[in-house]
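Asks: Note that my numbering numbers the sequence shown so that position 166 is 229, with each residue one more than the last. All C-beta atoms, glycine included, are put in the ideal place defined by N, C-alpha and C. Since we're looking at a predicted model, the values are computed, not measured. Below are the structure tokens for one structure; questions will follow.
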Amino acid sequence: MVFQKVTPVAAFHNITSRVRASAQGAGRALETVNLIAVSKTFSKEDIMPLLCEGHRHFGENRIQEALDKWPELRREVKDIVLHMIGPLQTNKVRDAIEHFNVIHSVDRSRLAERLAVEMKRQDRRPLCLIQVNTGREPQKAGIDPADADAFIDYCRHKLNLPVKGLMCIPPAHEEPSLHFAFLREIALRNDLAHLSMGMSADFETAISFGATYVRVGSAIFGSRGSPKL
Ligand SMILES: *Cc1c(COP(=O)(O)O)cnc(C)c1O
Numbered sequence: 064m065v066f067q068k069v070t071p072v073a074a075f076h077n078i079t080s081r082v083r084a085s086a087q088g089a090g091r092a093l094e095t096v097n098l099i100a101v102s103k104t105f106s107k108e109d110i111m112p113l114l115c116e117g118h119r120h121f122g123e124n125r126i127q128e129a130l131d132k133w134p135e136l137r138r139e140v141k142d143i144v145l146h147m148i149g150p151l152q153t154n155k156v157r158d159a160i161e162h163f164n165v166i167h168s169v170d171r172s173r174l175a176e177r178l179a180v181e182m183k184r185q186d187r188r189p190l191c192l193i194q195v196n197t198g199r200e201p202q203k204a205g206i207d208p209a210d211a212d213a214f215i216d217y218c219r220h221k222l223n224l225p226v227k228g229l230m231c232i233p234p235a236h237e238e239p240s241l242h243f244a245f246l247r248e249i250a251l252r253n254d255l256a257h258l259s260m261g262m263s264a265d266f267e268t269a270i271s272f273g274a275t276y277v278r279v280g281s282a283i284f285g286s287r288g289s290p291k292l
């Protein structure tokens with residue numbers, strides 16, 4: 064038997080058809096589910112074929128890496144939507160606001176305050192999602208679920224940030240659906256429309272729990288090699 068390497072384009076089409084089937088299965092309109100191709104650690108050459116297929120939503124988790132890749136790609140393709148999905152340091156807020164359209168990792172007051180100041184300065188308002196540490200894992204970013212309502216209120220009403228939804232990364236060895244349901248509950252009671260949840264291993268489950276953004280990396284681009292997770 065001949066084993067053929069699956070190209071990112073073939074994998075991408077496979078994932079989009081699975082996204083479509085999951086949306087359909089959940090009785091949801093396909094337009095309400097946005098697939099973010101997580102391109103961290105992959106090169107411009109890896110990304111280009113997906114742009115040629117017409118895909119526009121991409122996710123990165125490090126500012127510096129994003130700056131090394133995306134300005135050039137954006138000169139070629141104007142309507143790219145770039146998502147910041149990794150932990151954001153306050154000293155990178157300026158670059159984040161300049162280069163990203165959606166920031167999924169707002170998770171503490173000092174960061175939120177810096178975002179508010181910098182949005183005013185640049186007169187740009189990328190959409191903000193609040194990251195919730197649904198598993199209360201000490202090593203993981205995200206606001207504690209017990210503090211989520213107050214933090215959301217602070218970001219929206221005191222800082223006037225364009226907060227549109229919530230994001231979570233469930234603990235690696237727990238049933239993700241419990242975390243997806245929990246995140247949805249927090250979003251519902253705070254009247255937030257967007258849910259960023261679901262990765263390569265569990266995006267179909269996330270869609271059935273209402274995900275509006277799924278963040279899929281390795282199932283499209285292949286495995287990353289350990290260090291830069
Ligand atoms: C890397 C990453 C993903 C994509 O993970 P895969 O398992 O490769 O699909 C999704 N979300 C975040 C926050 C990530 O850092």
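(1) Would a C-beta distance cut-off of 7 Å place PHE272 and ARG247 closer than the cut-off?
(2) Can you grab the Cα-Cα spacing for the pair ARG177 / ALA244, in whole Å?
(3) Are there three or more Cβ pairs, one per stretch, closer than 8 Å when the segment 136-153 is compared with the segment 166-174?
(4) State whether the segment 280-289 contacts the segment 91-105, with contact taken as three or more CB pairs (one from each stretch) at a distance under 8 Å.
(5) Is MET262 near ligand 1, going by C-beta to nearest heavy atom under 6 Å?
(6) Using the three-state DSSP reduction, which class does ILE232 fall into: helix, strand or coil?
(7) So, helix, strand or coil for ILE283, using DSSP?
(8) Any chance you could list the beta strand (DSSP E) runs of at least 3 consecutive residues sitting entirely within the segment 243-270, in chain order?
(9) Secondary structure at GLY288, three-state DSSP: helix, strand or coil?
(10) Measuring only the C-alpha atoms, how far is GLN127 from ILE143?
(11) Say the cut is 6 Å; is the CB of VAL279 nearer than that to a heavy atom of ligand 1?
(12) Mind checking which residues open and close the beta strand (DSSP E) that includes ASN154?
Replies: In short, the structure shows the following:
(1) In the sequence shown, counting from the first residue as 1, residue 272 sits at position 209. In the sequence shown, counting from the first residue as 1, residue 247 sits at position 184. Contact flag set, yes.
(2) Position 114 of the sequence shown, counted from the first residue, corresponds to residue 177. Position 181 of the sequence shown, counted from the first residue, corresponds to residue 244. About 30 Å.
(3) yes
(4) yes
(5) Counted from its first residue, the sequence shown places residue 262 at position 199. MET262 Cβ: within cutoff of ligand 1.
(6) Working through the sequence shown from its first residue, we reach residue 232 at position 169. Coil.
(7) Taking the sequence shown and counting its residues from 1, one reaches residue 283 at position 220. Helix, per DSSP.
(8) 257-259
(9) Residue mapping note: residue 288 aligns to position 225 of the sequence shown, counting from 1. Coil at GLY288, not helix or strand.
(10) For this step, residue 127 is matched to residue 64 along the sequence shown. For this step, residue 143 is matched to residue 80 along the sequence shown. When rounded, the distance between both Cα atoms is 18 Å.
(11) Within the sequence shown, numbered from 1, the residue matching residue 279 stands at position 216. Yes; taking the cut-off as 6 Å, the Cβ of VAL279 has a heavy atom of ligand 1 nearer than that.
(12) Translated into the one-based positions of the sequence shown, residue 154 becomes position 91. Taken as a continuous stretch (DSSP letters only), ASN154 belongs to no beta strand (DSSP E), as it is neither H nor E.
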